[in-house]
Amino acid sequence: DVKVTQSSRYLVKRTGEKVFLECVQDMDHENMFWYRQDPGLGLRLIYFSYDVKMKEKGDIPEGYSVSREKKERFSLILESASTNQTSMYLCASSPLRKAASGQETQYFGPGTRLLVL
Amino acid sequence: AQSVTQLGSHVSVSEGALVLLRCNYSSSVPPYLFWYVQYPNQGLQLLLKYTTGATLVKGINGFEAEFKKSETSFHLTKPSAHMSDAAEYFCAVTPDRGSTLGRLYFGRGTQLTVWP
Chain V
1057 DVKVTQSSRY LVKRTGEKVF LECVQDMDHE NMFWYRQDPG LGLRLIYFSY DVKMKEKGDI
1117 PEGYSVSREK KERFSLILES ASTNQTSMYL CASSPLRKAA SGQETQYFGP GTRLLVL
Chain U
5 AQSVTQLGSH VSVSEGALVL LRCNYSSSVP PYLFWYVQYP NQGLQLLLKY TTGATLVKGI
65 NGFEAEFKKS ETSFHLTKPS AHMSDAAEYF CAVTPDRGST LGRLYFGRGT QLTVWP
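See below:
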């Protein structure tokens, strides 16, 4: 089974702190994604990566950065946490898409619920 | 820009009743379509997906969905609801079949409540 793990299920941080959220996948997937989930807004893509040291901005990258030094690990960084970053953060991974084979299934971690005070 | 619309943020049904969760998408070309389910305090789990071929897709836990190109819809159904189906359901699309990135665009979700 594909396994995507996230370093913490719950996290409480103070405004202005630097926050690291870690995600590790064990299926040798090329693509990795960070989403935030808020009630009524669904999932919004923050950043994604299709290779080591490569990253692409998603729809809401402001206030976030990412790091992918190894294929299996994708880190989300809140440079200076703010209260409006209180949210559920979900990591996902998927294999490189092969034409017409529908390989886009994303596998999700359990999520990290972050509270910024 | 891609968009996915899920009609109804909350749906309530009685146990044993039909479940119908609606999803419409906007795309200039037929996309790949997905339904994910999220149980409380868990990540998302794939229910089913449509890529090519048969437009009626069967998934896990008795769910199925039909891709209707003319209606740009991919509604999720289950003939008889079970208490364990209570969860949040997300429709998603991958619009660009030429891309290897496979990024998904999600709808806002539909919370399904099942009454005994």
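Protein chains in written order, with our numbering: chain V, 1057 to 1173; chain U, 5 to 120.
Beta carbons: idealized from backbone N, C-alpha and C, even for Gly.
In this text, all values refer to a predicted model and were calculated from it rather than measured experimentally.
C-beta neighbour in chain U for residue i, strict 8 Å
i	result
PHE1164 of chain V	yes
THR1161 of chain V	yes
GLY1167 of chain V	yes
LEU1184 of chain V	It is not possible to answer for residue 1184 of chain V, since the shown part of chain V is limited to 1057 through 1173.
PHE1130 of chain V	no
LEU1097 of chain V	yes
LEU1067 of chain V	no
LEU1101 of chain V	yes
LEU1146 of chain V	yes
Coarse secondary structure for residue i, derived from DSSP in three states
i	result
THR123 of chain U	A question about residue 123 of chain U goes unanswered here, because the residues of chain U that appear run from 5 up to 120.
ASN1140 of chain V	helix
ILE1133 of chain V	strand
GLU19 of chain U	coil
LEU108 of chain U	coil
THR59 of chain U	coil
LEU1173 of chain V	coil
Nonlocal neighbours in the same chain, by C-beta distance under 6 Å from residue i, ignoring five residues either side
i	result
ARG1070 of chain V	LEU1173
MET1088 of chain V	SER1105, PHE1130, SER1149
THR56 of chain U	none
SER30 of chain U	SER7
SER1063 of chain V	GLU1078
SER77 of chain U	ASN28
Any C-beta of chain V under 8 Å from that of residue i
i	result
LEU108 of chain U	yes
ARG26 of chain U	no
LYS53 of chain U	yes
SER30 of chain U	no
GLY47 of chain U	yes
ALA18 of chain U	As written in the sequence, residue 18 of chain U is Ser, which differs from the Ala given in the question. No, no contact with chain V.
LEU80 of chain U	no
SER7 of chain U	no
LEU50 of chain U	yes
GLY111 of chain U	yes
PHE67 of chain U	no
PHE71 of chain U	no
SER77 of chain U	no
Neighbourhood of residue i by C-beta, 8 Å cutoff - its chain only, sequence neighbours within 5 removed
i	result
LYS1109 of chain V	ARG1124, GLU1125
LEU22 of chain U	THR81, LYS82, PRO83, SER84, ALA85
LEU1067 of chain V	VAL1075, LEU1077, THR1168, ARG1169, LEU1170, LEU1171
GLU68 of chain U	LEU52, LEU60, VAL61, LYS62, LEU80, THR81, LYS82
Contact set for residue i: own chain, Cβ-Cβ below 7 Å, skip 5 residues either direction
i	result
GLN115 of chain U	SER13, HIS14, GLU92
THR1142 of chain V	LEU1170, LEU1171, VAL1172
GLU1073 of chain V	ALA1137
LEU24 of chain U	HIS79, THR81
GLN1093 of chain V	LEU1099, SER1143, MET1144, LEU1146
GLY1114 of chain V	LEU1101, ILE1102, TYR1103, PHE1104
Residue i CB to nearest heavy atom of the ligand NAP below 7 Å
i	result
SER88 of chain U	Among the components of this structure there are no ligands whatsoever, and the ligand NAP is therefore not found.
Residues bridged to residue i [DSSP beta-bridge criterion]
i	result
SER1150 of chain V	V:ASN1087
TYR1163 of chain V	V:SER1149
Contiguous alpha helix (DSSP H) assignments of at least 4 residues, all confined to the region 1058–1137 of chain V: none
What are the start and end residues of each continuous beta strand (DSSP E) run of 3 or more residues lying completely inside the region 64–102 of chain U, in chain order? 68–72, 77–82, 91–98
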